[in-house]
Each structure stands twice: as structure tokens, then as C-alpha cells.
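Peer 1:
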Amino acid sequence: MYGKRRLLTVAALLIGLWIFGIAGYVIIEGWDVLDAIYMTTISLTTVGYNEVHPLSQAGRIFTALLIVMGVGFFFYAFGVLAEAIIEGHLKGLLGKRKMEKTISRLKQHFIICGYGRIGTSICRIFKERKYPFVVIENDPAAIQEIEKNDFLYVAGNATHDEILIQSGIERAKGIVCVLSTDAYNVYITLAARSLNPGLLILARADDADAEKMMIQAGADRVISPYEIGARRMALAVLQPTVTEFLDLAVHSSTLDLAIEQVEIVFKSSLDGVSLLDAALRQKLGVTVLAVQQSGGEMILSLDPGYVIKSGDILVALGNRKGLDALRELCTDTFVQ
0 MYGKRRLLTV AALLIGLWIF GIAGYVIIEG WDVLDAIYMT TISLTTVGYN
50 EVHPLSQAGR IFTALLIVMG VGFFFYAFGV LAEAIIEGHL KGLLGKRKME
100 KTISRLKQHF IICGYGRIGT SICRIFKERK YPFVVIENDP AAIQEIEKND
150 FLYVAGNATH DEILIQSGIE RAKGIVCVLS TDAYNVYITL AARSLNPGLL
200 ILARADDADA EKMMIQAGAD RVISPYEIGA RRMALAVLQP TVTEFLDLAV
250 HSSTLDLAIE QVEIVFKSSL DGVSLLDAAL RQKLGVTVLA VQQSGGEMIL
300 SLDPGYVIKS GDILVALGNR KGLDALRELC TDTFVQ
């Protein structure tokens, strides 16, 4: 803002000097406006052309003053312009260094490869839910949008190992590959799995064959936007009430209702406790809809006597306060 004001001041001074010179020649020498404009222009720019008309003594003094003012103005304008360029470059450099430091301190964050339409929506959801994430993007126009939204990012090609390392892949919890080309997503999946074997990898695939390749490359889950979109549209037509409920429970940021997954930590307060004894609905107002066991098996029809074990992932429905309390019970450990 300060730099913009300085540039506006330069423009105002130039216009003011020009008007001052024109008025001076008209008043002192009695010239017409066109001759005064010409003489003012060649005096301010010091190009050294011949005078339009012979100058009086007062006219020569005025011209000398105008030339000095013109030279002084251009020195000032050059200084302001140089300062604006250097200040902008320095500000960008310092901002980049600060962002790199922030990224280097991140742990258990997510990496989003690609800031297209899908990547943009993912970033918005992650921001709403306050999950830490870094975007990898190499398109300058997309990077400008990322900067406007104040997201952390690494500028570069996500298929390069050094770019993945800069984004903190070795400390990350998961990576989402949503580039528009299946081949790139396959390559990123391979590279990510080799750099962090325990990483959660989600990849986008437009082609059925690419989906198989991504699974073989190490992706934990592969999503086809077209398939998901088709299923959602069909469900919205066939079961609109179910669709509306899921939208409210999963996507609403205003309604005090959500479906969350919470992993049971070893020796946490719920480790080794049955659902009946835990009484989560009575104590927290939370209903456990399903449990995914550590081996990957999903149990949908839960018996009250089911004993919760470390490594289980509870899929629970409830208000945000109750879900936060459940998360504390699942992660807080106690000493026997």
C-alpha cells in the first residue's frame, strides 16, 4: 500500500511539472499552448532540441529551472521504482523463507498434489476442518490463487522426489494425488510409497486400468471422480432423504452434527472396554455406527458386548462436543 502511494506521488509530480512548464511558457513568453507543450516536454526530458522561439531572459531562467526540476524528478522517480522492485523481491523472498520454515516443522500433515478443481475443493474442506496440509503445484496461475487463500505450498513438479521431500513427505500422514493425468498420479504414488512406506496414499484415476496400476504402485485407495459423481447423482434421485442426511452429517460446517472416525490408541481409556460398558450414547451422546478392526475388517452390525481394542477405528455419529470427548477417550492413555 505504501509503495502504491509512492508511485501515485511520482505520477502526480510528473503531471504537476508538465502543467507548471506549459503555464510558465504561456505566461512568460506569451506562446500558444502547443508550442508551450513542446518546449516543456523537451526541457523536462533534456533531449536538447532547438528552441521553438527565441527566449527572453526570464524565459531562459525559467527553462533552466525547469530542466533542473526535470532532472531531479527523474532521479526521484528512478529511486522510487528501484525501491519498489527491491522491496517487492525482498518481501517475496522473506515470505518464501518463512513458509519453508513452517513446512519444515509440520508433522502428520497432508500433501495435496495438484490445485485444479478437485484439489481446490479438497483444500477448502481441509481448511474448514483445520487439518494441516501443503499443496504442490507448478502452474503460476494456480499458485497465485493458492497465495490468495494463504495456503502453504511448494512450487514445483510433484513427480520429482526433491519436491515431495520439500513438502515434508517423510513426516506426513497422507498424500492426495489429484493431477489431471493418470500417469503422473501413478508415478507420484510410486515415489511417495518409496519415500514413506507408512504413508496413507489416496489417488485419483480416470481410467479403470490406471486404477489397478495405482493399487499395484501402493495406493491405499483410488477414487474415480466420474464414478463417485455418478453414484452420488443416482443416490440423490433414488434416495434423496439419505443423500440429504449424509450431506448434513458429513459436509455441513454449521450444523452441530458430524460423522467422524477415531482410532483407539493402545492402553487408552477405551482399550479393552465393551460398547455396553463404555455407554458412549448415554455419557457423550455419541453413537458408534461401525468399527474397522486393525486387520481391515469392517463390522457394521455391532453387538453391545463387542470389546473395543487398540487399533480399532470407530465410525461415530454425534455432536462436535461429544465427538471431541470421544477422541480424548480414544487417545488418552493411563498407567496401570
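Numbering that gives the first Met the number 0 numbers the first residue of the sequence shown as 0 and each following residue consecutively.
In this text, a Cβ means the ideal position worked out from N, Cα and C, and glycines have one as well.
So A157 and I135 are in contact, right, with Cβ under 8 Å, and what is the actual spacing, rounded?
Peer 2: Your numbering for residue 157 matches position 158 in the sequence shown. Your numbering for residue 135 matches position 136 in the sequence shown. The Cβ separation is near 4 Å, so the contact holds.
Peer 1: Please report the distance separating the alpha-carbon of I307 from that of L313.
Peer 2: Along the sequence shown, one-based indexing puts residue 307 at 308. Along the sequence shown, one-based indexing puts residue 313 at 314. For I307 and L313, the distance between alpha carbons rounds to 9 Å.
Peer 1: Per DSSP, what kind of secondary structure is R4 in: helix, strand or coil?
Peer 2: Locating residue 4 in the sequence shown gives position 5, counting from the first residue. Here R4 sits in helix by DSSP.
Peer 1: Comparing C-alpha positions only, which one of R116, A81 and Q215 sits nearest to E144?
Peer 2: Numbered from 1 along the sequence shown, position 145 holds the residue referred to as residue 144. Looking at the Cα atoms, R116 is the closest of the given residues.
Peer 1: For the alpha helix (DSSP H) containing F125, list its first residue and its last residue.
Peer 2: On the sequence shown, residue 125 is found 126 positions in, with the first residue counted as 1. First-last of the alpha helix (DSSP H) with F125: R116 to E127.
Peer 1: Helix or strand or just coil, what does DSSP make of E144?
Peer 2: Locating residue 144 in the sequence shown gives position 145, where the first residue counts as 1. Correct three-state label for E144: helix.
Peer 1: For Q335, which residues from the same chain have a beta carbon less than 8 Å from its beta carbon, with the 5 sequence-adjacent residues on both sides left out?
Peer 2: As a first step, residue 335 must be located in the sequence shown, where it is residue number 336. Note that Q335 scores a pLDDT of 38, beneath 50, so its modelled location is shaky and nothing firm can be said.
Peer 1: Taking C-beta to C-beta, are L154 and I168 nearer than 9 Å?
Peer 2: Looking up residue 154 in the sequence shown gives position 155. Looking up residue 168 in the sequence shown gives position 169. Correcting the residue type first, residue 154 is Ala in the shown sequence and not Leu. It is not a contact, given that the beta carbons lie outside the stated cut-off.
Peer 1: Tell me the DSSP secondary structure of Q215 in three-state form.
Peer 2: Taking the sequence shown and counting its residues from 1, one reaches residue 215 at position 216. Here Q215 sits in helix by DSSP.
Peer 1: Judging by CA-CA distance, which residue of T180, R220 and L178 is the nearest neighbour of R192?
Peer 2: Start at 1 with the first residue of the sequence shown, and residue 192 comes out as number 193. With distances taken between Cα atoms, R192 lies closest to R220.
Peer 1: Can you check whether the CB of I258 is closer than 9 Å to the CB of L316?
Peer 2: For the purposes of this step, residue 316 is identified with residue 317 of the sequence shown, where counting begins at 1. For the purposes of this step, residue 258 is identified with residue 259 of the sequence shown, where counting begins at 1. In contact: L316 and I258 (Cβ atoms closer than 9 Å).
Peer 1: Would you decide whether Y152 is buried or exposed? Buried here means 16 or more other CB atoms lie within 10 Å of its CB.
Peer 2: Taking the first residue of the sequence shown as position 1, residue 152 is located at position 153. So Y152 ends up on the buried side.
Peer 1: With a Cβ-Cβ cutoff of 9 Å, do D181 and D160 count as a contact?
Peer 2: Locating residue 181 in the sequence shown gives position 182, counting from the first residue. Locating residue 160 in the sequence shown gives position 161, counting from the first residue. Not a contact, by the Cβ cut-off of 9 Å.
Peer 1: Between F132, A289, L269 and P303, which lies nearest to K172 when the distance is taken from Cα to Cα?
Peer 2: Translated into the one-based positions of the sequence shown, residue 172 becomes position 173. Answer by Cα proximity: F132.
Peer 1: Report all residues from its chain with a CB closer than 6 Å to the CB of V272; omit the five preceding and five following residues, and keep chain order.
Peer 2: The residue you call residue 272 lines up with position 273 of the sequence shown. Within the same chain, V272 has close Cβ partners I307.
Peer 1: Are the CB atoms of D34 and V9 nearer to each other than 9 Å?
Peer 2: Against the sequence shown, residue 34 aligns to sequence position 35. Against the sequence shown, residue 9 aligns to sequence position 10. The answer is no: Cβ separation not under 9 Å.
Peer 1: Do M177 and I102 have their C-beta atoms within less than 9 Å of each other?
Peer 2: Within the sequence shown, the letter at position 178 stands for residue 177. Within the sequence shown, the letter at position 103 stands for residue 102. Looking at the sequence shown, residue 177 is not Met but Val. Not in contact: V177 and I102 (Cβ atoms no closer than 9 Å).
Peer 1: In terms of residues, what are the limits of the beta strand (DSSP E) holding E259?
Peer 2: By one-based count along the sequence shown, residue 259 stands at place 260. Residues A257 to E262.
Peer 1: Can you say whether R59 is buried or exposed, counting buried as having 16 or more other CB atoms within 10 angstroms of its CB?
Peer 2: In the sequence shown, the residue the question calls residue 59 occupies position 60. Counting Cβ neighbours within 10 Å, R59 comes out exposed, since fewer than 16 surround it.
Peer 1: Is it a yes or a no for the stretch 229–247 touching the stretch 268–285, going by three-plus beta-carbon pairs under 8 Å?
Peer 2: Too few Cβ pairs lie closer than 8 Å, so no.
Peer 1: I need the straight-line Cα distance from K126 to Y114, nearest angstrom please.
Peer 2: The count along the sequence shown starts at 1 and reaches residue 126 at position 127. The count along the sequence shown starts at 1 and reaches residue 114 at position 115. Taking the straight line from one Cα to the other gives about 14 Å.
Peer 1: Counting only the same chain and skipping the five closest in sequence on each side, list residues whose C-beta sits under 7 Å from that of D255.
Peer 2: For the purposes of this step, residue 255 is identified with residue 256 of the sequence shown, where counting begins at 1. Hits under 7 Å: N318 and R319.
Peer 1: Could you tell me if the beta carbon of Y24 falls within a distance shorter than 8 Å of some heavy atom in the ligand ADP?
Peer 2: By its list of ligands, the structure shown contains no ligand whatsoever, and the ligand ADP lies outside what it can speak to.
Peer 1: Locate the beta strand (DSSP E) running through E136, then write down its first and last residues.
Peer 2: Counting from 1 along the sequence shown, the entry for residue 136 is found at position 137. F132 to E136 is the extent of the beta strand (DSSP E) around E136.
Peer 1: My guess is that Y305 and L274 are in contact by the Cβ rule of under 8 Å, so how many angstroms apart are they, rounded?
Peer 2: Start at 1 with the first residue of the sequence shown, and residue 305 comes out as number 306. Start at 1 with the first residue of the sequence shown, and residue 274 comes out as number 275. Going by Cβ atoms, the distance from Y305 to L274 rounds to 5 Å, so yes, they are a contact pair.
Peer 1: Identify every residue that forms a DSSP beta bridge with R231.
Peer 2: Counting from one through the sequence shown, the residue named residue 231 turns up at place 232. Answer is none; R231 lacks a bridge partner.
Peer 1: Sorted by chain position, which residues of the same chain lie with C-beta nearer than 8 Å to F109's C-beta, five sequence neighbours on each side aside?
Peer 2: Counting from 1 along the sequence shown, the entry for residue 109 is found at position 110. Counting only Cβ-Cβ distances below 8 Å, and skipping sequence neighbours, we find F125, Y130, P131, F132, V133, A171, K172, G173, I174 and V175.
Peer 1: For T180, which of helix, strand or coil comes out of DSSP?
Peer 2: Position 181 of the sequence shown holds residue 180. Coil, per DSSP.
Peer 1: What three-state label does DSSP hand T286 in the structure shown?
Peer 2: The count along the sequence shown starts at 1 and reaches residue 286 at position 287. Correct three-state label for T286: strand.
Peer 1: May I ask which residues mark the beginning and end of the beta strand (DSSP E) holding V392?
Peer 2: Nothing about residue 392 can be read from this structure; the chain reaches only from 0 to 335.
Peer 1: Does the beta-carbon distance from L189 to G217 come in below 9 Å?
Peer 2: Counting from one through the sequence shown, the residue named residue 189 turns up at place 190. Counting from one through the sequence shown, the residue named residue 217 turns up at place 218. Yes. Within cutoff.
Peer 1: State the DSSP-derived secondary structure class of L163, mapped to helix, strand or coil.
Peer 2: Locating residue 163 in the sequence shown gives position 164, where the first residue counts as 1. In the structure shown, L163 sits in a helix (DSSP, three-state: H, G or I).
Peer 1: When burial is assigned at 16 or more other CB atoms within 10 Å of the CB, is T44 buried or exposed?
Peer 2: Counting from one through the sequence shown, the residue named residue 44 turns up at place 45. Looking at its Cβ environment, which holds fewer than 16 other Cβ atoms inside 10 Å, T44 is exposed.
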